[in-house]
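Reading through the structure tokens given below for one structure.
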Amino acid sequence: MADPSQQNILIIGGGIGGLTLALALHARGIKCSIFEAASKFEPLGVGINMLPHAIKVLSKLNLETELYRYGVEAQEFAYFNRHGQVIITEPCGKFAGYDYPHFSIHRGDLHKVLYDAVIDRMGPNSIYFNHSCSGFTQNDRTVKALFENTESHTGSVVIAADGFHSNIRKSLYPHESEPHFGGINMWRGVTIQKPFLTGASVTRIGTVDAGKMTIYPIRNFADGTQMINWVTEQPRSDFKKNDWATVGHIEDFIGPFKKWNFDWLDIPNLIDNAEFILEYPMLDRDPIDKWTFGRVTLMGDAAHPMYPRGGNGGAQAILDADSLANNFEKYKSQVRAINTYENERRTIANKIVLTNRQQPPDHIIEKVETLTNGLPFDKIEDVINREELLAITERYKNIAQYSIEKVSN
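Counting along the sequence shown from 1, when you hit position 101 you're at 101 in this note's numbering, and nothing is skipped either side.
Pasting the structure below:
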């Protein structure tokens, strides 16, 4: 068998997961190539939270300095009811005793940090643009990735990091049902304004049925202002098959928020002054019980697409990349490596998919909404004690594998 370091791993998809994997493999001296469907690098999206378990991986790849340059180091999680009353705050990242920070960052900036590192360390020829993968063929020694309107490429294994609409997943599961829609639509935007609360607070307010928003800063500016990312979730009976760039309209969602002018943040003003607004449904896919087929495996959103709650979509792709790289380094057989990766990651990731549907970390707010019948409270301690609230967040941390104990291991 050939030396694994001389075998070429084909990474399908140049997003957060695929680029992290490429950097992790390169750091271990393992050859790989990246194939991206887009015609060029283009940073897209809005805000994303990177929790300490993901930053641990990126720090080992010497990217932490760049993340400080682009992102905002979050200090706390803050949960409020729909009346703007604080339910609980808790420190996060290094402020909570982790060895690694929590960053709130523009997804495009995170993508750029990864892309620039790949180009700098691996060279521009490591990424093939205009390569939309349509499928693969394989035998007991190699796998061939097939692309639309261009030549195929042969490698030792294929890692499908081609996202929510993965063509490789479709080829493995041709009869898979449509994406799962949980009856929630999202509108997202960014607004440039002065900081609120600590200037580094990840804030969750309200519930889906009564009006819900998640708000946090993702970029600091020299004049003291910040780019504030915000997203609202509202119930809908059906969904349109929007892409990630569908323009949203304020009149479609502003209703519950017209009077949300709290003493710590004027939310109608935040929405009115948005640079842009995007609209899309909240979708995931039902967990699957097999990712790896011979010399092909899935990772990231291709393997376990999940609701964008709890800061775990991009983070779980990064953890996938770390597991894959560790196993490629550990095992001479790359087929054994990808099977071991699946054994390490699939059960955990699938559990997060289901938890994000049922009891994400902001379940805290729903609990208080029920206990108070949606009314203001005098003192939160008269409604529920802090230990009960923290137990809810700790449960999610343990499921998502980012408790302090787990990250420190």
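Cβ atoms here follow ideal geometry from the backbone N, Cα and C, with glycine treated the same way. Here the structure is a predicted model, which is why all the values come from computation and not from measurement.
Report the rounded CA-to-CA distance for residue i versus residue j, giving the unit in angstroms.
| i | j | result |
| --- | --- | --- |
| I397 | S403 | First, the amino acid is wrong: residue 397 is Lys here, not Ile. Using only the alpha carbons, I get a separation of about 5 Å. |
| A222 | A54 | 27 Å |
| D252 | H153 | 46 Å |
| Q6 | Y79 | Residue placement at Q6 cannot be trusted, given a pLDDT of 49 that sits under 50; the coordinates are not used to answer. |
| V113 | P179 | 30 Å |
| I88 | G47 | 23 Å |
| C92 | F239 | 34 Å |
| G163 | F377 | 43 Å |
| K56 | V407 | 8 Å |
| I218 | G224 | 13 Å |
| G71 | M50 | 10 Å |
| A321 | A24 | 7 Å |
| Y173 | Q138 | 17 Å |
| R236 | I352 | 23 Å |
| N409 | S177 | 38 Å |
| R141 | D286 | 32 Å |
| R395 | G206 | 20 Å |
Might you give, ordered along the chain, the residues of its own chain that have their beta carbon closer than 6 Å to the beta carbon of residue i, omitting 5 neighbours on each side?
| i | result |
| --- | --- |
| P195 | Q226 |
| A160 | I12, S166, I168, L298, A302 |
| T232 | W187, M213, F253 |
| G314 | I16, I48 |
Only counting the same chain, and skipping five residues up and downstream in sequence, which positions put a Cβ closer than 7 Å to that of residue i?
| i | result |
| --- | --- |
| I348 | Q401 |
| G18 | I11, I34, A161 |
| W420 | Only positions 1 to 409 of the chain appear in this structure, which leaves residue 420 out of reach. |
| A37 | H131, S132 |
| A2 | Note on A2: pLDDT 41, under 50, position unreliable in the model; the coordinate value appears next. None. |
| N8 | K31, C32, S33, G155, S156 |
| L63 | V113, A117 |
| R386 | I88 |
Please name the residue in the options whose C-alpha comes closest to that of residue i.
| i | options | result |
| --- | --- | --- |
| I215 | T203, V208, T207 | T203 |
| P101 | D263, D289, T65, G108 | T65 |
| P360 | I399, P124, F95 | I399 |
| R69 | I105, G294, K40, L270 | I105 |
| I392 | R141, K406, I364, F377 | I364 |
| I16 | D116, K379, G294, P268 | D116 |
| N339 | L324, I352, E329 | L324 |
| A145 | D120, G123, S171 | S171 |
| E405 | G97, G29, F147 | G97 |
| H111 | L21, A200, N81, H26 | L21 |
Inspect the beta-carbon positions of residue i and residue j and report whether they are closer than 7 Å.
| i | j | result |
| --- | --- | --- |
| Q234 | N185 | yes |
| E279 | G248 | yes |
| P281 | F136 | no |
| N350 | Y341 | no |
| L270 | T191 | yes |
| E90 | F77 | yes |
| F257 | G189 | no |
| A317 | G294 | no |
| L67 | G108 | no |
| I267 | W260 | yes |
| L197 | W264 | yes |
Less than 8 Å between C-beta atoms, sequence neighbours within five positions excluded: which residues of the same chain meet that for residue i?
| i | result |
| --- | --- |
| I384 | K367, V368, L371 |
| V143 | L10, F136, T137, T154, G155, S156, V157, V158, G294, R295, V296 |
Counting only beta-carbon atoms, is residue i nearer than 7 Å to chain C?
| i | result |
| --- | --- |
| M186 | Structure shown: chain C not included; a single protein chain is present. |
- Query: Do the region 302 to 318 and the region 341 to 360 make contact, defined as three or more Cβ pairs closer than 8 Å?
  - Reply: yes
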